[in-house]
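Report on the following structure.
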Amino acid sequence: MINVALPKGRLGEKVYKMFEEAGYGCPDIFVGRKLVFENEEAGVRYFWVKPSDVPIYVERGAADIGVAGKDILLEHEPNIYELRDLGIGKCRMVVAAPAGFEDDRGYPLRVATKFVNIAQSFYSSNGRDIDIIKLNGSIEIAPILGLSDVIVDLVETGTTLKENNLVIVEEIMDISARLIANKSGYNFKSREINTLLERMK
Amino acid sequence: MQYDQSVLTRTERRIFALRTLYSRAGYRSYRMRKFEDYDLYSRYKDYLLSDRVITFTDTNGRLKALKPDVTLSIVRNIKDKPDELQRLYYDENVYRVSGSTNTFKEIMQMGLECIGNANNPSVTEVLDLAEKSLALVCDGRDYILKVSDLDITIPLVEAMTDSKTARAELFRLAGEKNVHGIISLCKDYEIEEQAYMPLVRLLGLYGEPEDVLPQLDEILKGTPAEAEVEELRDVLRDFDDDRHLVLDFSITGDTNYYNGIAFEGYIEGLPECVLVGGRYDRLMQRMKKKSRAIGFAVYMDSLAMLGR
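As structure tokens, this is what we get:
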């Protein structure tokens, strides 16, 4: 039995469809509020968990495999295998600022973000001194209120940025959903996991 | 006076079982001082899992540390006898920062080192003892000893690029079995497909030596790692029909210290590896010793979860 941690929400539903098409469907998975679903015949058990918790379930072995965005993996750096780029949930991690913004290197750059680790490693590789302002949501508001100079955030279509008069200043990286596995569990279920990977191609 | 074994904790029972295994195999117990000069860890701090060490000033003004690691102390204190074989085992407490709580933790570690003319037969012997150690502590669960050979991965990566940053990133990605990441990095660094494909195919291998070794011959043909397959075959000769030993080339380590065979032990149901080991001739060289060396450590605290 492979235990799979799926991220709750739109991405998780798309991911589940991929598993279903590969022959790992589970009836009633979208019915009610149950969080655990099993298809004994297919040898698979799914859990719906908060997207940012997927790597924790996998790293700690509660799930053998899971699906998480690359942004979450880079932010938490879990000790796991990253077996496949699923090519869905695509977006970009960018630096955005109010239109017309110019960086004054005489001062530390004030960066508002949910992704502290990603922002820090991006700016340290560029040798830029920064001040991090960790926020948990509505990041776009920070430069408007003068809380920060720029933001580091995920962008899918760019509509939210545009509506808040922000423009992309730099692209940090492309993000997509990754299939991850527990390093211990992989040893005891390598055949099942590799069969699943093969069928999902 | 006879004593009742039931008074022993599970950890104590495991320690006795392992001590018996190692001493019967000809290893002698090695005791070390509780404190070590801090200087040792500051000089080799990238060898340690974390550079955070508990320090204090001794009454004579010297800066001391509570050991975060055992191997460094053994290597520093042992007499260099490259033509002999010194077999040692230890059970010691080490002090490290725990990842989950970010505070110092006392960790019980048991392990062994084989130092001197540690050639292929010694590697086979140490692998065998690592596997027997897993069998003794696994509480009847399934276990796996995963073996890699850094003398295969290192030359493959080094032949791909001269960039130190790219090499470090390639080792990190290999440790994650992150093949798509490797391909994307190679595109960024304009590394050609024929240069990276052996590594990509290598990472796809997983299984018992008798299945994997023939594939390895084919994958490494014409690469700088070609000759190493025979060495690996020689070391693994006795493990041919052993379903507990698998080859998996995703194990990596700091190439400044490690080389050759590297291995990790896993027990079903425990999320992290409980045994880590390998050859560390490069560490010996950096510490100006001529001996070769291989050893492993069993993390007793990770095993404590087995009782739950």
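Taken in order, these protein sequences are the chains called H and F.
Take the first sequence: its position 10, counted from the start at 1, is 9 in numbering that gives the first Met the number 0, and no numbers get skipped.
Take the second sequence: its position 126, counted from the start at 1, is 125 in numbering that gives the first Met the number 0, and no numbers get skipped.
Where a beta carbon is used, it is the ideal one built from N, C-alpha and C, also for glycine.
| Item | Value |
| --- | --- |
| Terminal residues of the alpha helix (DSSP H) in which M196 (chain F) lies | E192 to L202 |
| Among F:D280, F:A261, F:T54 and F:M286, nearest to L274 (chain F) - alpha-carbon criterion | F:A261 |
| Beta-carbon proximity check, K176 (chain F) vs Y80 (chain H), cutoff 8 Å | yes |
| Contact with chain F by N125 (chain H), beta-carbon distance below 8 Å | no |
| Identified DSSP bridge partners for E170 (chain H) | H:V93 |
| Short-range partners of chain H found in the region 175-192 of chain F, where Cβ spacing is below 9 Å | E175, K176, N177, V178, H179, G180 and S183 |
| Rounded Cβ spacing between T152 (chain F) and T251 (chain F) (contact assumed at less than 8 Å) | 7 Å |
| Cβ contact check for the region 34-43 of chain F and the region 61-72 of chain F: 3 or more pairs under 8 Å | yes |
| Against chain F: residues of the region 23-51 of chain H by CB proximity under 8 Å | none |
| Buried or exposed by the 16-neighbour rule on C-beta atoms within 10 Å, applied to L155 (chain F) | buried |
| Interface residues of chain H facing L269 (chain F) [CB-CB closer than 8 Å] | G60 and S183 |
| Environment of T70 (chain F) [buried if 16+ CB atoms lie within 10 Å] | buried |
| Min CB distance K145 (chain F) to chain H below 8 Å | yes |
| Nearest neighbour of R75 (chain F), chosen from F:F295, F:H243 and F:R285 [CA to CA] | F:R285 |
| Distance CB(Y249 (chain F))-CB(D79 (chain F)) smaller than 8 Å | As written in the sequence, residue 249 (chain F) is Ser, which differs from the Tyr given in the question. Not a contact, by the Cβ cut-off of 8 Å. |
| Inter-residue Cα distance where the pair is T58 (chain F) and Y29 (chain F) | 26 Å |
| 8 Å Cβ cut-off: residues of chain B touching Y80 (chain H) | Among the chains of the structure shown, chain B does not appear; the protein chains present are H and F. |
| Runs of beta strand (DSSP E) wholly within the region 7-63 of chain H (minimum 3 residues, chain order) | 35-38 and 43-48 |
| Cβ-Cβ distance between N38 (chain H) and Y56 (chain H) below 8 Å | no |
| Among F:L219, F:I182, F:M107 and F:A165, the one whose alpha carbon lies nearest that of R9 (chain F) | F:M107 |
| Amino acids of chain F, ordered along the chain, whose beta-carbon sits closer than 8 Å to that of F187 (chain H) | D141, I143, Y265 and E267 |
| Proximity winner among F:L282, F:L198 and F:T102, relative to G180 (chain F) (alpha-carbon distances) | F:L198 |
| Touch test, the region 87-94 of chain H against the region 24-43 of chain H, Cβ-Cβ under 8 Å, three pairs minimum | no |
| Member of H:A61, H:R104, H:P50 and H:N125 whose CA lies at the smallest distance from the CA of I171 (chain H) | H:N125 |
| Member of F:D50, F:I114 and F:G98 whose CA lies at the smallest distance from the CA of P81 (chain F) | F:I114 |
| Anticipated Cβ contact below 8 Å, N164 (chain H) with A98 (chain H), distance rounded | 6 Å |
| According to DSSP, residues forming a beta bridge with R177 (chain H) | H:A67 and H:D84 |
| Under the three-state DSSP convention, the category K66 (chain F) falls into | coil |
| CA nearest to the CA of V3 (chain H), picked from H:E197, H:K200 and H:E191 | H:E191 |
| Cut-off 8 Å between Cβ atoms - residues of its own chain near L134 (chain H), not counting five sequence neighbours on either side | A111, T112, K113 and A141 |
| Chain H contact for C272 (chain F) (CB, 8 Å cutoff) | yes |
| Alpha-carbon to alpha-carbon, S51 (chain H) and I150 (chain H) | 20 Å |
| Of the residues F:D127, F:Y26 and F:R140, the one placed nearest M304 (chain F), counting alpha carbons only | F:R140 |
| Exposure of K69 (chain H), with buried meaning 16 or more beta-carbon neighbours within 10 Å | buried |
| Distance, N181 (chain H) Cα to G259 (chain F) Cα | 25 Å |
| Continuous beta strand (DSSP E) assignments of at least 3 residues falling wholly in the region 104-172 of chain F | 142-148 |
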